[in-house]
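Engineer: Please find one structure pasted underneath; my questions will follow.
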Amino acid sequence: MRKLNNKGVTLIELLVSFSVASIIIISMFNVVLSYQREASMETIKSEIVSYKNTITKTIQNDIIKGNLRSVNLAVNNQSNKTTYTMRLRFNKSVNFSGRGGDVFSKDLKVVASNTESNSNYIEYPDINTNGTLQTVRYSLIDLAKGCFGKTNPANSGDTGACQSYQNVLKFSSINTNINAATSGDLGLNSNNNEQSSAEDGFFNNARYFKLDIALSHPDLGGDYHIYIVAPLNYPYCKPTD
Amino acid sequence: MKKKYKKNGFAMVEILIAAVTVIGVFSLLYNSVYPLIGAYSASDKYDDLDSKYVAFYIKEMLETDGRFSIINNVLLNSSACSNTCHIYNTYPYKTNPDGSETPLTWGVDIKTITDHHLYKNELCNMLREDSNQKNNQFFCNKYITGARVNRIIVTDYKLANFKNAIKNSTNSSITRSLKNYVNYMPTHIHANKTGYRRVIVEIEHDSYNSVGDIYYTYAEIEVKG
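In the order they appear, the protein sequences are chains A and B.
One gets the working numbering by counting positions in the first sequence from 1 and adding 16 to each.
One gets the working numbering by counting positions in the second sequence from 1 and adding 473 to each.
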């Protein structure tokens with residue numbers, strides 16, 4: 017008859033095994049925690065990049081296809097928010113709305129709240145699933161929640177520990193420039209605040225439209241921008257090959 | 474009959490061989506994956522959509538200028554030429570001391586960084602100005618200033634020589650961010666891209682992390698000519 021070994025493990029062996037396992041688990045725990053934090057940061061980053069890319073692509077697509085003609089800027093300062101309304105006018109009869117068209121202008125609105133960071137948003141008309149033009153609000157609400165163990169500079173006077181999972185992404189600065197160098201360069205028509213002639217404007221007043229919105233997040237810093245710099249009235253006159 | 478079990482376990486040499494094999498495999502994997510992580514980080518940090526659009530508009534200006542002219546201008550202004558080059562049939566040639574002429578080639582004649590480099594508005598000043606180009610030069614100057622384009626590099630479609638030149642450059646104007654970006658640029662090429670060049674654009678931004686801080690983003694775009 018086969019005799020089984022019923023000795024089991026000794027206490028020493030058990031203790032040694034537990035010690036080794038504990039050391040491994042503790043060391044792995046820190047590694048896992050750091051990766052978990054990194055993964056959260058990556059999620060926030062991809063949210064921010066996705067947000068800015070969606071807006072940038074939509075606007076730049078219109079600028080290139082429609083050949084941006086002029087931009088009129090109106091700034092409305094209120095006690096609780098500042099609204100930048102930019103009317104983009106286009107040279108080409110691009111069918112923005114899907115209806116064969118004569119839609120030549122779109123209003124790009126940037127609203128920066130002075131009080132709550134999550135009230136910042138951008139509005140721009142885009143084609144919806146029904147093929148019609150509809151103003152879409154690109155809001156920062158629900159974006160980039162985070163703040164991992166840091167104070168939250170989005171709330172003034174907040175010196176304590178960060179409250180977890182707040183909306184902390186905000187517009188830290190908004191710069192608009194629809195002029196090449198000086199106001200005289202713009203050559204606006206006094207009647208409708210746009211250039212009187214695309215051709216004349218190109219020869220005499222070459223210029224560009226610039227919108228630079230810095231997005232800041234306490235954990236990621238302020239190196240994320242919505243940065244649109246586009247020529248006005250560029251003729252795209254490629255010589256024939 | 475009582476079966477006798479072998480109680481030897483593994484020999485030390487067996488464990489060592491197994492360990493060395495496993496370590497070797499993991500080292501190979503690490504070396505394969507590590508550059509990908511670096512490439513992702515560089516792309517994440519330096520390459521963004523906004524810069525790509527800036528590069529696109531510059532490409533439009535170059536192509537509006539006409540095929541070959543801008544690239545040839547870069548070549549003719551390079552130190553490899555020193556006033557000994559000329560354009561023949563839209564292609565640049567170098568006149569050798571013995572009077573013979575050889576085509577100017579990237580990586581052979583054009584191999585230093587300064588030969589690729591154009592700071593800010595230098596490129597615009599090389600654009601042509603006639604009725605077809607419609608004030609392209611002036612427009613380019615305005616746009617590059619407005620978009621805060623700090624540097625434009627014109628190079629060959631095949632990047633291998635250029636990457637080596639950047640890597641080995643001791644030129645103080647080559648920033649660390651530029652080196653990182655170029656180092657991780659993909660080198661794959663398409664066979665049907667004959668006659669294409671690459672234009673790399675460096676754009677300066679204000680950082681809002683601390684006052685006065687700036688950082689750079691980059692974009693690369695293929696230009697025919």
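Where a beta carbon is used, it is the ideal one built from N, C-alpha and C, also for glycine.
These numbers come from a predicted model, not from an experiment.
How many angstroms separate the CA atom of A/Glu215 from the CA atom of A/Val87?
Structural biologist: Confidence at A/Glu215 is low in this model, with a pLDDT of 38, below 50, so its placement is unreliable and the value that follows should be read with caution. Taking the straight line from one Cα to the other gives about 16 Å.
Engineer: When you compare the stretch 121–128 of chain A with the stretch 90–101 of chain A, are there three or more beta-carbon pairs, one atom per stretch, that lie closer than 8 Å?
Structural biologist: Touching, per the Cβ criterion.
Engineer: Taking 8 Å as the limit between beta carbons, can you name the residues of its chain near B/Ile531, skipping five residues before and five after?
Structural biologist: Hits under 8 Å: Leu596, Cys613, Tyr616, Ile617, Val622, Ile625, Val672, Val674 and Ile694.
Engineer: Along the chain, where does the alpha helix (DSSP H) that runs through A/Lys61 open and close?
Structural biologist: Where A/Lys61 is concerned, the enclosing alpha helix (DSSP H) stretches over Leu27 to Gly82.
Engineer: Which residues in chain A sit within 8 Å of B/Leu596, going by Cβ to Cβ distance?
Structural biologist: Those within 8 Å of B/Leu596 in chain A number zero; the least Cβ separation is about 15 Å.
Engineer: Express the C-alpha separation of B/Val627 and B/Leu577 in angstroms, rounding to a whole number.
Structural biologist: The straight-line gap from Cα to Cα measures roughly 15 Å.
Engineer: By Cβ distance below 8 Å, which residues in the same chain neighbour B/Ile639 in space, the five residues on each side in sequence not counted?
Structural biologist: The residues are Ile586, Ile647, Leu651, Lys652, Val655 and Asn656.
Engineer: State whether the stretch 33–51 of chain A contacts the stretch 492–504 of chain B, with contact taken as three or more CB pairs (one from each stretch) at a distance under 8 Å.
Structural biologist: No: the two stretches stay apart, fewer than three of their Cβ pairs being nearer than 8 Å.
Engineer: Compare the C-beta of A/Pro234 with all C-beta atoms of chain B and state if any pair is closer than 8 Å.
Structural biologist: Answer no: the Cβ-Cβ gap between A/Pro234 and chain B never drops below 8 Å.
Engineer: Taking the beta carbon of B/Glu707 as the centre, do at least 16 other beta carbons fall within 10 Å, making it buried, or is it exposed?
Structural biologist: With chain B covering only 474 through 698, there is no way to say anything about residue 707 of chain B.
Engineer: Do we get a CB-CB distance below 8 Å when we pair A/Asn69 with the residues of chain B?
Structural biologist: So yes, A/Asn69 belongs to the interface.
Engineer: Under the three-state reduction of DSSP, which class applies to A/Ser135: helix, strand or coil?
Structural biologist: Helix at A/Ser135.
Engineer: In terms of residues, what are the limits of the alpha helix (DSSP H) holding B/Ser505?
Structural biologist: Here the alpha helix (DSSP H) through B/Ser505 covers Met485 to Tyr519.
Engineer: So does the stretch 679–688 of chain B actually touch the stretch 238–249 of chain A, counting three or more Cβ pairs closer than 8 Å?
Structural biologist: In short, these stretches touch, since the Cβ pair count reaches three.
Engineer: Between the stretch 656–686 of chain B and chain A, which residues of the former have CB atoms less than 7 Å from a CB of the latter, in chain order?
Structural biologist: The stretch 656–686 of chain B vs chain A, Cβ under 7 Å: His678, Ser680, Tyr681 and Asn682.
Engineer: The alpha helix (DSSP H) with B/Ile639 in it runs from where to where?
Structural biologist: Residues Ala633 to Asn641.
Engineer: Does the separation of the CB atoms of B/Ala692 and B/Ser524 fall below 8 Å?
Structural biologist: Result yes, Cβ atoms of B/Ala692 and B/Ser524 sit closer than 8 Å.
Engineer: Quick one: give me the first and last residue of the beta strand (DSSP E) that B/Leu596 is part of.
Structural biologist: Here B/Leu596 belongs to no beta strand (DSSP E); instead the alpha helix (DSSP H) covers Glu595 to Met599.
Engineer: Relative to the C-alpha of A/Ile11, which residue among A/Pro247, A/Arg153 and A/Ala246 is closest?
Structural biologist: No answer is possible for residue 11 of chain A: the residues shown for chain A start at 17 and end at 257.
Engineer: Is A/Ile64 closer than 8 Å to A/Ala128 when the C-beta atoms are compared?
Structural biologist: No.
Engineer: Roughly how many angstroms separate the alpha carbons of A/Lys81 and A/Ile75, rounded to a whole number?
Structural biologist: Between A/Lys81 and A/Ile75, the C-alpha separation is close to 10 Å.
Engineer: Around the C-beta of A/Gln94, are 16 or more other C-beta atoms found within 10 angstroms, so that it is buried, or is it exposed?
Structural biologist: With fewer than 16 other Cβ atoms within 10 Å, it is exposed.
Engineer: Between the Cα of B/Thr667 and those of B/Leu509, B/Val696 and B/Ile687, spot the shortest distance and give me the residue it belongs to.
Structural biologist: Here the closest residue by C-alpha is B/Val696.
Engineer: Cα separation between A/Val25 and B/Val506?
Structural biologist: Distance between the alpha carbons of A/Val25 and B/Val506 is about 41 Å.
Engineer: Using three-state DSSP, classify B/Ile662 as helix, strand or coil.
Structural biologist: Coil.
Engineer: Tell me which residues share the same chain as A/Glu210 and place their Cβ nearer than 8 Å to its Cβ, disregarding the 5 neighbours each side in the sequence.
Structural biologist: Low confidence applies here, because A/Glu210 scores a pLDDT of 39, under 50, leaving its location unreliable; read the following figure in that light. If we look at A/Glu210 and ignore the five residues flanking it on each side, its Cβ neighbours are Arg85, Ser86, Asn88, Arg105 and Leu204.
Engineer: Could one say the Cβ of A/Tyr137 lies closer than 8 Å to chain B's Cβ atoms, at least one of them?
Structural biologist: By this cut-off, A/Tyr137 is not an interface position.
Engineer: Output the boundary residues of the beta strand (DSSP E) element that contains A/Arg105.
Structural biologist: Run containing A/Arg105: Lys97 to Phe106, per the beta strand (DSSP E) assignment.
Engineer: Thinking just about the alpha-carbon of each residue, which of A/Lys226, A/Ala230 and A/Tyr224 is nearest to the one in B/Asn679?
Structural biologist: Checking the sequence shown, residue 679 of chain B turns out to be Asp, not Asn. Nearest of A/Lys226, A/Ala230 and A/Tyr224 to B/Asp679, Cα basis: A/Ala230.
Engineer: Taking the alpha carbon of A/Leu227 as the reference point, which residue from A/Gln150, A/Lys68 and A/Asn144 has its own alpha carbon closest?
Structural biologist: The shortest Cα separation from A/Leu227 among A/Gln150, A/Lys68 and A/Asn144 belongs to A/Lys68.
Engineer: Please confirm if A/Gly217 has its CB atom under 8 Å from at least one CB of chain B.
Structural biologist: Below a pLDDT of 50, predicted positions are generally treated as unreliable, and A/Gly217, at 40, falls in that range; the measurement from the model is reported next regardless. With 8 Å as the cut-off, A/Gly217 does not count as an interface residue toward chain B.
Engineer: Along the chain, where does the alpha helix (DSSP H) containing B/Val655 start, and where does it finish?
Structural biologist: Start and end: Arg649 to Asn656.
Engineer: What is the DSSP secondary structure of A/Phe120, reduced to helix, strand or coil?
Structural biologist: In the structure shown, A/Phe120 sits in coil (DSSP, three-state: anything other than H, G, I, E or B).
Engineer: Tell me which residue opens and which closes the beta strand (DSSP E) that A/Val245 is part of.
Structural biologist: Looking at the DSSP string, the run of the beta strand (DSSP E) that includes A/Val245 is Gly237 to Pro247.
Engineer: Starting from B/Arg670, follow its DSSP beta bridges and name the residues at the other end.
Structural biologist: Its beta-bridge partners are B/Asp629 and B/Val696.
Engineer: Does DSSP put A/Asn146 in a helix, in a strand, or in coil?
Structural biologist: Three-state result, A/Asn146: coil.
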